[in-house]
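Residue numbers (this note's numbering): 4 to 238.
Structural data, given as structure tokens:
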């Protein structure tokens, strides 16, 4: 999709957001294409820093790389958006049903948009039509604490047989898997049949697997088919 009639930057951003939302609701994998002219001097400086960090063995290497990427991935001009169908493999819903019946807890960890992951949840059978979605979002640790308590209180009054799925984004995750909120967060996820994490980074995927193993003493199996999944699989 390309906005041929858009003239101002605001119109382009609004049109882009509209199409991303529409594609996400259809369960499509979305990708934004953007360009920027980079001069040789700037590129050489970036490569020098990148190669240094690639050899860095410090714990915060991933964080430093992220900040470095931000210095070059800026002032971009949007040129288009794609929405690609990623079909559910045959027999996935049946397999998911068997896993749930066996008492295995399933988490979805993806960098996709929330609309996409929710639709994939329904298509795979992980989220059923009668499942109630808890869409969890906060902007700081204090808000996260309050929202966790509010949602935990709701479970005290739930009807017998009700099932829930938690939907949470990567930005919110960093406020609930810290020392202040991790106990309450795990208590909330423990009451949900499934957890859908969207817009998460490779580092967060690994953090979640590590958290479940260490804090709950569970045996975990991380399954992924891309480079973004390597960190969590190695956990």
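Using N, Cα and C, we set each Cβ at its ideal position, and we do this for glycine too.
Residue 206 carries a helical assignment under DSSP once its states are collapsed to helix, strand and coil. With respect to the 8 Å criterion, residue 171 and residue 127 are not classified as neighbours on the basis of their beta carbons. Looking only at 195, 23 and 188, the smallest Cα-Cα distance to residue 115 is reached by 23. Taking a C-beta distance under 8 Å as the contact criterion, residue 168 and residue 197 qualify as a contact pair. The DSSP-derived three-state label of residue 48 is helix. Looking at the DSSP output, residue 200 sits in a beta bridge with 112 and 171. As the crow flies, the alpha-carbon of residue 21 is around 26 Å from that of residue 75.
The beta carbon of residue 124 sits closer than 8 Å to those of 111, 130, 168, 197 and 199, all from its chain and outside the five residues before and after it, given in chain order. Under the DSSP assignment, residue 105 falls outside any beta strand (DSSP E); it carries neither an H nor an E label.
Separation of the CB atoms of residue 166 and residue 134 is rounded to 5 Å, and the pair is thereby assigned contact status at 8 Å. Contact between residue 208 and residue 184 does not hold, since their C-beta atoms are separated by about 19 Å, which reaches or exceeds 8 Å. Excluding residues up to 5 positions away in sequence, 200, 203 and 207 lie with their Cβ nearer than 7 Å to the Cβ of residue 176 in the same chain. DSSP lists 84 as the beta-bridge partner residues of residue 35.
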